[in-house]
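Residue numbers (our numbering), protein chains in the order written: chain F, 1 to 564; chain L, 1001 to 1308. Each residue gets a CB set at the ideal place from its N, CA and C atoms; glycine is no exception.
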Amino acid sequence: MSEPVLSYQDIRVTFATEFGEVDAVKGVSFDVMPGEVVAVVGESGSGKSVTSSTAMGLLPENATVQGEVLLQGRSVLNMSTAERRKLRGAEISMVFQEPMTALNPVLRVSDQLIEALQVHDIAFGRAALEKSIELLERVGIPEARTRIRQYPHQFSGGQRQRIVIAMAIACGPKVIIADEPTTALDVTVQAEILDLLRELKDELNTGILLITHNMGVVADMADRVVVMLNGEVVETGPVAKILGHPEHPYTRRLLAAMPLLREAGDASLGSPRVSVSEPSRSAGEPTHDSVAPALQAKDVALEYSFRRRSTRVVHDLNFTVQPGEIMGLVGESGSGKSTVAKAVLGLLDVAEGELLVRGENMPELPAKQKKALKREIGVVFQDPAASLDPRFPIGDIITEPMVVHKVGDKNSRNARARELLEAVRLPESVLNRYPHELSGGQRQRISIARALTLDPTLLIADEPTSALDVSVQAAVLELFSELQQQYGFACLFVSHDLAVVDSLAHKVLVMQNGRTVEQGSTDEVLRHARQPYTQRLLAAAPVPDPATQARRRAERQRLLSVPQ
Amino acid sequence: MTRYIIRRLLQFVPVILISTLIVYALVFAMPGDPIRALAGDRPMSDAVRETLREQYNLDDPFFIQYFKYIWGVFTALDFGSTFNGRPVNDLITQRLPVTATLALVTFVIQSIMGIVAGILAALYRDRFFDRFVQVATVTMVALPTLVIGFVLQLVFGLNLGLFPIAGANDGLMSYILPALTMASVSTGILARLVRGELLDSLKSDYVRTATAKGMKRTRVIGRHGLRNSLIPAVTFIGADLASMLGGSIIVETIFNLPGLGQQVFASIQGQEGTVVVGIVTLFVIFFVVINLIVDLLYGLLDPRIRYE
């Protein structure tokens, strides 16, 4: 086999912080061959991004790097600043996680592409512009010749990531470091970007170092896998072996935590992985006829207005969530799913139709009754870091809904906070601590506890686990379904992750561009989808098994080739 | 864009009406009899006093006085006349150049010093120059304008003899010390603003992307870092330029510059309502116009902002 294009040898990275030295990476070694995709996987804090950044020299100033990084046999770490600069973009380039912020908002795309070429003397002036247009066409931007004059904000997230990729390949690098390149994107866009990277790799024989936490992406792209934990490599090997027969307990744990989108005939279908039984129907269970649905939408339309001009973003929405039932609301960005959640929370007026909470049309109620009805609705937001007030101690956060609705006195509120902390499995000592002292997963447990304070009959969960690491996500989802059985609330679960919805929801509603595409039981929608859009959405979600994923990829290509 | 400008211009009307009304009311409410103040110690016959009162509409109710005045402003650009019969328009044409020169010199000095100091402080973060800028800016912001003015007069005017101490008889040279005095506070604030914005911008993802392209550090900062970080600075400088006319009152008095600020001060003392209102109306118009220009400039600097 040929020489590795990029080789990390015993890399150690230490950060000097005000609390002393922190070892982020503790002796990591691995190689990337030409035309090979090596995936580095691990959770936040594992050191995967820090390790790869050593090759680019993009680490902050307080970092010390030891060891050796060889780029085509040349030692990178001992080079002068000027020599390293010449490598960046030319020999080794990078694709970043956030396409929304990776491009300069005030410069035209043409300027940003041309400068990438000019820096390394590839082309100048007119020729550079022509080459830039070619690059944009190569990465699949339609009407590249006119659109190159536009600014980044005039492109969608997926298109911006394509532009970043165009910059990365502008000078024909030997290796591309892709740091979570699809994490911020919708599944269908993710699949397209991965296709593009795969094509470019074959065409240019570039090595790709793919940093990701998504085992589905690994299965889709990688030849070899490096699993990292706390700054060390715990396991490395070919993708089939790591995903099929993992040896290290951590790798197994990572794989087990990954929520699975099960296919029809899956053995585990009878007993869900994150066990959710049908809402408990005790003896003498009330039939749906006698009890009003927890939430019901009748021909609902929702609008945003700006300067007296309104844009309708949700049309003709109809659904029913029975008491104790979880409904997954699925769709890509811009589908209107979060707008629906907003309207149910009363944060957005309903333009048309009725939104019934326990049988009462909430938007039409007088203020006092509306407030009383809102007691019945709990909410968990996406980002636990942003949705908890940093100046409130945890105890106050959990009991705030009781204060707002004037429920109980000091003692009963405290008792309720203790009870809920126990329910979300956090120690009582957390009561007097502040949100920043807790981890992301712990904070999301606090959010859930707060949502349950008033014993709501309906819970709105807007992407509650998408900001969390997979293993943390698995624990939070498990807790969520247990609490749901214990408290019996109905739930509107908004998510873009079909696998998460599969593990939790009794029924699913798929939205696209503000319209309902398909709805029905989870099994019907996710395993026997009738609508082409749902089928494409399902096909785009990668599964952590290289063989299955290859088959699914072929299936997806077939679906896409069918004219719609 | 055109619609946006028209809408903004229409918004000027209530702003100008309300602000002049307030100033007019304040002048109206001042104690004492302006005619007597005009006469000073000399005796004045009742007939003369009556004629003067009538000439300046002083016997009309407050709102009638105000409307007569504002009507003149809007229909004939007539800001009235002073008590000794001189049109306020004349006064303004004579004194505006002084204040405008002062404002422009101040604007240039504070923009250059503030932005350069801010950029250098950000680039040499936590090093000597940065610390120096931090201390110097706090000192400048904390010291009263009066003190800075007197110190500059003493050191550069009296001891070193580099600049004239007072008056406007030496061309641009006579404006240097007043402008430095007026620029002191804003230079400090601007330096800190630019430093913070540039540091934020250097941490941003697009600067990292530019670095990853292999661009030189200086190019990365100049092309990607600076432009984004100067947008808030432009807003600040614009708002400051607009308010400078008001700030000129103290500085023109310290340095004895015959500008609008000095005139306003004298007219307030002399209870010459028409002059005060006329000049303040002019300040208000400047303020709203410059703010509109700044907002339009903002749209040029940041393509994400579109006005409709």
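Do the CB positions of Val1023/L and Val1288/L come within less than 9 Å of each other?
no
Could you spell out where the alpha helix (DSSP H) holding Tyr1175/L opens and where it closes?
1173–1202
Which value, in whole angstroms, describes the spacing of the CA atoms of Ala1242/L and Thr1187/L?
15 Å
To which residues of the same chain is Ser75/F closer than 8 Å at the C-beta, ignoring the five residues directly before and after it?
Glu68, Val69
Cβ closer than 8 Å: which chain L residues qualify as neighbours of Thr101/F?
Ser1204, Asp1205, Tyr1206
Do you know how far the Cα of Ile1148/L is from the Cα of Gln1269/L?
25 Å
Threshold first: 3 residues or longer. Then list the beta strand (DSSP E) segments lying entirely within the segment 331–403 of chain F, N to C.
350–357, 377–380
In angstroms with no decimal places, state the Cα-to-Cα distance between Ile326/F and Asp523/F.
Take the alpha-carbon of Ile326/F and the one of Asp523/F: they are about 13 Å apart.
Which residues in chain F have a C-beta closer than 8 Å to the C-beta of Asn1228/L? List them in chain order.
Asn104, Pro105, Val106
Is the CB of Pro1232/L under 9 Å away from at least one CB in chain F?
Answer no: the Cβ-Cβ gap between Pro1232/L and chain F never drops below 9 Å.
Helix, strand or coil for Thr287/F? Go by DSSP, reduced to three states.
Bear in mind that the predicted position of Thr287/F carries a pLDDT of just 47, short of 50, making it unreliable; the figure below should be weighed with that in mind. Correct three-state label for Thr287/F: coil.
Against Ala417/F, what residues of chain L qualify as contacts under a CB-to-CB distance less than 8 Å, listed in chain order?
Correct list: empty, because the minimum Cβ distance to chain L is about 38 Å.
With distance defined between alpha-carbon atoms, name the residue in Ser93/F, Gln118/F, Val189/F nearest to Val164/F.
Ser93/F
For the segment 167–184 of chain F, enumerate the residues whose C-beta is nearer than 7 Å to any C-beta of chain L, in chain order.
Met167
Length of the line joining the Cα atoms of Thr1137/L and Ser1184/L:
8 Å
Members of the segment 1282–1308 of chain L near chain F, C-beta cut-off 9 Å:
Leu1301, Asp1302, Pro1303, Arg1304, Glu1308
Measuring alpha carbon to alpha carbon, tell me which of Val37/F, Glu21/F, Thr17/F, Val470/F ends up nearest Ala256/F.
Nearest to Ala256/F by C-alpha distance, out of Val37/F, Glu21/F, Thr17/F, Val470/F, is Val470/F.
Beta carbon proximity, Lys1068/L to chain F, threshold 9 Å:
It does not; no Cβ of chain F falls within 9 Å.
Is Met1215/L close to chain F? Criterion is C-beta to C-beta, closer than 9 Å.
yes
Just the C-alpha distance for Arg1195/L and Phe1128/L, rounded to the nearest angstrom, thanks.
14 Å
Which residues in chain L have a C-beta closer than 7 Å to the C-beta of Arg85/F? List them in chain order.
Gly1214, Lys1216
What does Thr1020/L reach in chain F if we use C-beta pairs closer than 8 Å?
In chain order: nothing, as chain F lies at least about 29 Å away.
Please classify Met1001/L: is it buried, with 16 or more other beta-carbons within 10 angstroms of its beta-carbon, or exposed?
exposed
Rounded straight-line distance, which links the Cα of Val562/F to that of Ala554/F
13 Å
Simplified DSSP state of Ser75/F, which is helix, strand or coil
The three-state secondary structure of Ser75/F, taken from DSSP, is strand.
Count the other CB atoms, across all protein chains shown, that sit within 10 Å of the CB of Gln507/F; report buried if there are 16 or more and exposed otherwise.
Before going on, a small fix: residue 507/F reads as Lys here, not Gln. With 16 or more other Cβ atoms within 10 Å, it is buried.
Please go through the same chain and pick out, in chain order, the residues whose beta-carbon is closer than 6 Å to the beta-carbon of Ser1229/L, but skip the five residues on each side of it.
Closer than 6 Å at the Cβ level, and outside the excluded window around Ser1229/L, lie Glu1197, Leu1198, Ser1201.
Could you check what DSSP says for Thr64/F in three-state terms: helix, strand or coil?
strand
Runs of alpha helix (DSSP H) lying entirely within the segment 401–457 of chain F, each at least 4 residues, in chain order
410–423, 440–452
Thinking just about the alpha-carbon of each residue, which of Gln484/F, Ile398/F, Asp545/F, Glu36/F is nearest to the one in Arg224/F?
Glu36/F
DSSP on Asn318/F, reduced to helix/strand/coil?
If DSSP states are grouped into helix, strand and coil, Asn318/F belongs with the strands.
Tell me, please, whether the CB atom of Ala1210/L is closer than 9 Å to any CB atom in chain F?
yes
Compute the Euclidean distance between the alpha carbons of His248/F and Val403/F, then round it to the nearest angstrom.
Rounded to whole angstroms, the separation of the alpha carbons of Val403/F and His248/F is 49 Å.
With a threshold of 6 Å on Cβ separation, who are the neighbours of Ile177/F within its own chain once the five nearest residues in sequence on each side are excluded?
Ser52, Met94, Leu209
Below 8 Å, how does it come out for the segment 296–306 of chain F and the segment 335–354 of chain F: are there three or more Cβ pairs, yes or no?
With a cut-off of 8 Å on Cβ pairs, the segment 296–306 of chain F is in contact with the segment 335–354 of chain F, counting three or more such pairs.
At the level of alpha carbons, what is the spacing between Glu518/F and Ala351/F?
22 Å
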